[in-house]
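Written out below as C-alpha cells is the structure these notes cover.
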Amino acid sequence: MSEFQAPRGIPDYFPPRSADFTRVRDTLAKAAALAGYGHIELPIFEDTALFARGVGESTDVVSKEMYTFADRGERSVTLRPEGTAGVMRAVLQHGLDRGQLPVKLCYSGPFFRYEKPQEGRYRQLQQVGVEAIGVDDPALDAEVIAIADEGYRRLGLTGYRLELASLGTAEDRPAYRELLVDFLSGLPLDEATRARAEINPLRVLDDKRPEVREMTADAPLLIDHLGEESARHFAAVRGHLDRLGVAYEINPRLVRGLDYYTKTTFEFVHDGLGAQSGIGGGGRYDGLMRQLGGKQDLSGIGFGLGVDRTVLALRAEGVAVDEPARCRVFGVPMGEAAKDRLVVIAAQLRNAGIAVDLAYGDRGLKGAMKAADRSGADFALVLGERELEDASIELKKLKTGAQERVSLDSVVEEVRLLAAEIDQDA
Ligand code: HAM
4 MSEFQAPRGI PDYFPPRSAD FTRVRDTLAK AAALAGYGHI ELPIFEDTAL FARGVGESTD
64 VVSKEMYTFA DRGERSVTLR PEGTAGVMRA VLQHGLDRGQ LPVKLCYSGP FFRYEKPQEG
124 RYRQLQQVGV EAIGVDDPAL DAEVIAIADE GYRRLGLTGY RLELASLGTA EDRPAYRELL
184 VDFLSGLPLD EATRARAEIN PLRVLDDKRP EVREMTADAP LLIDHLGEES ARHFAAVRGH
244 LDRLGVAYEI NPRLVRGLDY YTKTTFEFVH DGLGAQSGIG GGGRYDGLMR QLGGKQDLSG
304 IGFGLGVDRT VLALRAEGVA VDEPARCRVF GVPMGEAAKD RLVVIAAQLR NAGIAVDLAY
364 GDRGLKGAMK AADRSGADFA LVLGERELED ASIELKKLKT GAQERVSLDS VVEEVRLLAA
424 EIDQDA
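Dropping the structure here:
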C-alpha cells in the first residue's frame, strides 16, 4: 500500500474509467444548456452562516455533515455541502434578480458532506445542478424535471423512477403539522424517533423500518391537506409532465434532506444501487431568497443530480461507455535526430486538431509499437535515421497493419486527409 491514500470516502476518477464520469457530467450539463441555463462557477467554500441559514440548522447536512473550519483570519467558512444556497447568494450579491426572469443557471463540481462512507455515499460528491429563480410557474417545475429525465435518457439509463410530491407552502404547513404531531403522539415510538419527530415530524413518515411503516400507515399526509393554490400548482405540474411523457409516481412520504423546499419536490431513484438509490433530486424553494436577506421574495426551482451515483447506475445497468482513444496518431522516433523532428510534427498535427502522443523514453521499436497499439491510435508514424536521410516517414495504419512511406514535408497534410476520410466513413 502506498504511503498516502485519498481521504476516506473520496473517490478518484482516472483514465480510462474516467470516461464515464466526464460523459455523465457533460451529458447532464448539455441537457440543461439546451433549455437555456447559463454556466455559473461558484466558490468551493463560503461563509458558514450561508449554509446554516439557507439549508437549515435542523438538517443532518448542517448539524452533522459540514466541513467547517476557521480560516487564518478567524472567519468561519464551510466547504459547500450543496449548490442552491451559493447560487442564491450570488444572485442577490450581483443583483441578477433585477434583470430578466427567471435567472437560469447551471453548475457542476464537487460538494462536501461528512457522511458515513459507503458505496455511492461519498464525502466529496459531484453534482450537476440547475436553478431557475424568479418565476413561480408550474411549467418551469416541469421543465426542470424534464431536463433531468432527458439527461438520464441521453445517457442510456432506463432503470430509474421519478418520485414526485408537493410540500405545500409555508402557510399550508402549520395546520397539517399539528394534525401529524397529534397523530404521532398517540403512537408508541421509541425515544430517538420521538426526538426526530420533534425536529421534523415529516421525517417519521419517511422512516424505512417496517414497524414504523406499519404504525404510520394511516397517518395524515400533507398531500391531502394542501391549500387551494398549492393543489392547483401541483395539478398543473403533473399535467405538464403528462404531456411531456415524463413518467412519475406520487410519493406522499417523500422527504428531502434540506429545509428550503416548498411545493414541488422530487427525487430520481435507481433500483440497481441498493441503499444509496437517489441519483438526483430537487424542488421549489419559496422562502430561500428572503431567508438569505433578499429584499424581494422570489421563488426558485432546481435540481442536483449526483454524478457519482449516475456513473454507478450506468455500470449497474451494464451501459457501456466508449473509452475514447487517447490519441489519433502515435509517433515512434528512433534516435535523437528523429525525436527532434517528430516532436515538431506532433505539434503541427495537434495544431490541426489531431490528437497525438509520442513514445518517450527511448524504449526501442518493439516496446514503442506495443505502446502505439495500446494507445488506440489509428496511425503510427515511425521515423528512424534511414527515413530522415531521404526525408520520408513510415505511416502505419494500426487497424490493418498497412504501411506506406510518405514525404516528411507532406505528412501532416496526408494524416489530416486520412483522418478526415475515416471520420466520414464513421
Ligand atoms: P440533494 O438531494 O442533497 O439535493 O443532493 C442531490 C443529489 O446529490 C442526490 O440525489 C445524490 O444523487 C447526490 N448526493 C448527495 N449526497 C451524496 C453523497 N454523500 N455521495 C454521493 N452522492 C450524493 C441538493 O443538494 C439540492 N441542492 C438540490 C437542489 C437544487 N434543490 C433545488 N435546487
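In our numbering, the protein residues as written are 4 to 429.
C-beta: ideal position from N, C-alpha, C; glycine also.
Sequence-distant residues of the same chain with beta carbon closer than 8 angstroms to alanine 220, five excluded per side: none
Where histidine 42 falls, given that 16 or more other Cβ within 10 Å makes a residue buried: exposed
Contact test: tyrosine 125 Cβ vs the ligand HAM heavy atom, cutoff 7 angstroms: yes
Backbone CA spacing between glycine 242 and aspartate 144 [nearest angstrom]: 11 angstroms
Cα-Cα separation, leucine 261 to arginine 101: 27 angstroms
Check: arginine 83 C-beta below 7 angstroms from any heavy atom of the ligand HAM: no
Spatial neighbours of leucine 53 in its chain, beta-carbon cut-off 6 angstroms, leaving aside the 5 residues before and after: Ala88 and Arg92
Closer than 7 angstroms: leucine 128 CB and nearest the ligand HAM heavy atom: yes
Whole runs of the alpha helix (DSSP H) within the region 204 to 288, excluding any shorter than 4 residues: 205 to 208, 213 to 218 and 231 to 247
Reference isoleucine 357; option with closest CA among Glu339, Phe306 and Gly334: Gly334
Residues near alanine 323 by beta carbon distance below 6 angstroms, same chain, minus five either side: none
Spatial neighbours of glycine 171 in its chain, beta-carbon cut-off 8 angstroms, leaving aside the 5 residues before and after: Tyr179, Leu225, His228, Leu229, Gly230, Ser233, Thr265 and Lys266
Sheet register partners of threonine 71 (DSSP bridge): Thr81
6 angstroms Cβ shell around aspartate 209 - same chain, five flanking residues per side excluded: Arg256 and Val258
heavy atom of the ligand HAM below 7 angstroms from isoleucine 282 C-beta: yes
Same chain, Cβ closer than 8 angstroms to tyrosine 117, neighbours up to 5 away in sequence not counted: Lys67, Glu68, Met69, Tyr70 and Arg126
N-terminal and C-terminal residue of the alpha helix (DSSP H) that arginine 56 is part of: 51 to 58
Identity of the residue in Ser61, Asp381 and Ala55 nearest glutamate 201 by Cα: Ser61
Given proline 10 as reference, the closest of Arg56, Val64, Lys119 and Glu77 once Cα atoms are compared: Lys119
Own chain residues within Cβ distance below 6 angstroms of glutamate 153, not counting five before or after: Ala34
Buried versus exposed, by CB contacts within 10 Å (16 or more), phenylalanine 237: buried
Beta-bridge pairing of cysteine 109 - partner residues as DSSP gives them: His42 and Val133
Residue nearest to alanine 295 in terms of C-alpha spacing, selected from Ile47, Gly132, Tyr263 and Ile13: Checking the sequence shown, residue 295 turns out to be leucine, not alanine. When each option's Cα is compared against that of leucine 295, the closest is Tyr263.
For glycine 379 and aspartate 175, the rounded distance between their alpha carbons: 60 angstroms
Reduced DSSP secondary structure (H/G/I, E/B, other) of glutamine 299: coil
Cα-Cα separation, aspartate 300 to alanine 173: 13 angstroms
Nearest-angstrom beta carbon gap, alanine 394 and serine 410 [assumed within contact, 8 angstroms]: 6 angstroms
First through last residue of the alpha helix (DSSP H) which encompasses proline 177: 176 to 188
Straight-line Cα distance separating proline 327 from histidine 273: 27 angstroms
3 or more residues per run - each beta strand (DSSP E) lying fully within the region 365 to 399: 382 to 386
heavy atom of the ligand HAM below 7 angstroms from leucine 301 C-beta: no
Any non-hydrogen atom of the ligand HAM closer than 7 angstroms to aspartate 311 Cβ: yes
N- and C-terminal bounds of the alpha helix (DSSP H) containing glycine 154: 141 to 158
Separation of valine 207 from alanine 195, as counted between CA atoms: 11 angstroms
Glutamate 416, enclosing alpha helix (DSSP H) - first and last residue: 414 to 428
For valine 335: DSSP bridge partner residues: Val385
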